[in-house]
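Colleague: Take this structure first; my questions come after.
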Amino acid sequence: MTTKTLKEPLNIRRIAEEAGVSVSTVSRFLSGSPKVKDKTRTRIHRVVEKYDFRPNMLAQSLARGQSNIIGVLAMEIANPCTHQVIQGIVSGCLDTKYTALTAFIEPQVPIEKSALNMLVSIKPSGIIVLSEPEAESPEFVEQLANLSETRNIPVVLAGDREGNTRLDCVTYDSRLVGYTATRHLIENGFEPVGCITGSLRSLNGRLRYEGYREALVDANITYNQELVYEGHFRKIDGYQGLHHFHRIGKIPRSIFCCNDYTAIGVYLAAEEIGLRIPEDFAVIGCDNIDLTTLVRPKLSSLNFDNAKNGESLVELLLKRIESPDSDICKILLKPSVIQRDSTMQTR
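The working numbering runs 1013 ahead of the 1-based position in the sequence shown.
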């Protein structure tokens, strides 16, 4: 059918006039209500098709008091892990009535004064939070919990938060991450095992470190504080950590790095010092980012299915939307070891 264009934007009132029905009847038709008679539905449909009318779905949903939008609060798209999680969220929304809308946090602007307020203003059906716990103000999780409890906006966290008992979350089993990485090094004959931690003031960093220590206990290996260097999940921490071990004459046979960026820093320091990986010491990281296959030797790492994480976040949020009074749920995802050259035994 040939479509026509109007000099003035077509709206519900004009559709109603041309179809010879009331505005409320057109509104019911556009919302898919079964209360519109077939004959009336046909008349309205002809007008809509004639002018190729596209209703403003956001405006309609806001008029009802809630949109079919799932807000996603993210720290930075440049982080490959964040990007993969967002892809999983989008995939998880495909067969639902919901659409994901991502708001990115400006580092210099307090979270609660920027992106979160923007998401709340469009009355989302729920919010998924991908921000870094270390970047959040102490009051932020409390604010999120209040949103869920007093404004009927369910919130699901990616990653757990210290003391969280009020919000659903999907998180990797960080203690198992540290345990699995350390066991991998031990089982491949790389003892003693050192550790360059993430921040021990963060829940994630502390749990990975605890997993490292637990693996030593299970293998009857004595813990040595001199083989531990505290970092903050940064490349510079790996670089400085290996230089520290070298300076005190305590290069371990292997090093568990609490993320891949830290491991890359270890690689840089090893080249400066003149140490070979894995001949002199083995290295394993966490997150399995793309750089793990670009460095030489290729870096062994703990792999997380970030796309599956995103899908799980959507699934958990939809359950909370459908059952707002159900018990708080925490989903723990398990890591897997991707062994590459950096933990291959050569001697």
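Every residue gets a Cβ at the ideal spot worked out from N, C-alpha and C, and that includes glycine.
Going by the DSSP bridge assignment, what does isoleucine 1182 pair with across the sheet?
Modeller: Residue identity check: residue 1182 is cysteine in the sequence provided, not isoleucine. Answer by DSSP bridge pairing, in chain order: Leu1170, Lys1343.
Colleague: Taking the beta strand (DSSP E) that glutamate 1243 falls in, what are its first and last residues?
Modeller: Taken as a continuous stretch (DSSP letters only), the beta strand (DSSP E) holding glutamate 1243 covers 1241-1243.
Colleague: Between which residues of its own chain and valine 1098 is the CB-CB distance below 7 angstroms, once the five residues before and five after are set aside?
Modeller: Shown here for valine 1098: same chain residues with a beta carbon closer than 7 angstroms to its own, the five before and five after excluded, namely Leu1143, Ala1171, Asn1319, Asn1322, Gly1323 in chain order.
Colleague: Compare the C-alpha of lysine 1110 against each of Ile1083, Ala1282, Gly1254 and name the closest.
Modeller: Ile1083
Colleague: Could you tell me which residues DSSP puts in a beta bridge with leucine 1086?
Modeller: Ala1116, Val1142
Colleague: Check each candidate in Lys1136, Ile1277, Ile1028 and name the one with the smallest Cα separation from threonine 1305.
Modeller: Nearest to threonine 1305 by C-alpha distance, out of Lys1136, Ile1277, Ile1028, is Ile1277.
Colleague: From the DSSP output, in three-state form, read off alanine 1295 for me.
Modeller: strand
Colleague: Quick check: what's the CA-CA separation for leucine 1019 versus glycine 1033?
Modeller: Its pLDDT being 45, under 50, leucine 1019 is placed unreliably in this model, and the coordinates cannot settle the point.
Colleague: Considering only DSSP beta bridges, list what asparagine 1316 is partnered with.
Modeller: Ser1349
Colleague: Looking at C-alpha atoms only, which residue of Ile1341, Val1049, Ser1313, Asp1186 is the closest neighbour of asparagine 1177?
Modeller: Residue Ile1341 is the option with its Cα nearest to asparagine 1177.
Colleague: Over what stretch of residues does the alpha helix (DSSP H) that includes isoleucine 1365 continue unbroken?
Modeller: Nothing can be reported for residue 1365: it is not among the residues displayed for the chain, which extend from 1014 to 1360.
Colleague: Helix, strand or coil for valine 1049? Go by DSSP, reduced to three states.
Modeller: Here valine 1049 sits in coil by DSSP.
Colleague: Should methionine 1088 be labelled buried (16 or more other beta-carbon atoms within 10 Å of its own) or exposed?
Modeller: buried
Colleague: Give the secondary structure of phenylalanine 1258 by DSSP, where H, G and I count as helix, E and B as strand, and everything else as coil.
Modeller: Of the three classes helix, strand and coil, the one that applies to phenylalanine 1258 here is helix, per DSSP.
Colleague: Taking 8 angstroms as the threshold (C-beta atoms), are threonine 1193 and proline 1348 in contact?
Modeller: yes
Colleague: Does the stretch 1155-1163 come close enough to the stretch 1182-1202 to have 3 or more Cβ pairs within less than 8 angstroms?
Modeller: no
Colleague: Use the C-beta contact count for threonine 1055: other C-beta atoms within 10 angstroms, 16 or more gives buried, fewer gives exposed.
Modeller: exposed
Colleague: So, helix, strand or coil for threonine 1195, using DSSP?
Modeller: In the structure shown, threonine 1195 falls within a helical segment according to DSSP collapsed to helix, strand and coil.
Colleague: Measure the Cβ-Cβ separation of isoleucine 1297 and histidine 1259 and say whether it is below 8 angstroms.
Modeller: no
Colleague: If you draw a straight line from the C-alpha of isoleucine 1209 to the C-alpha of leucine 1086, how long is it?
Modeller: 29 angstroms
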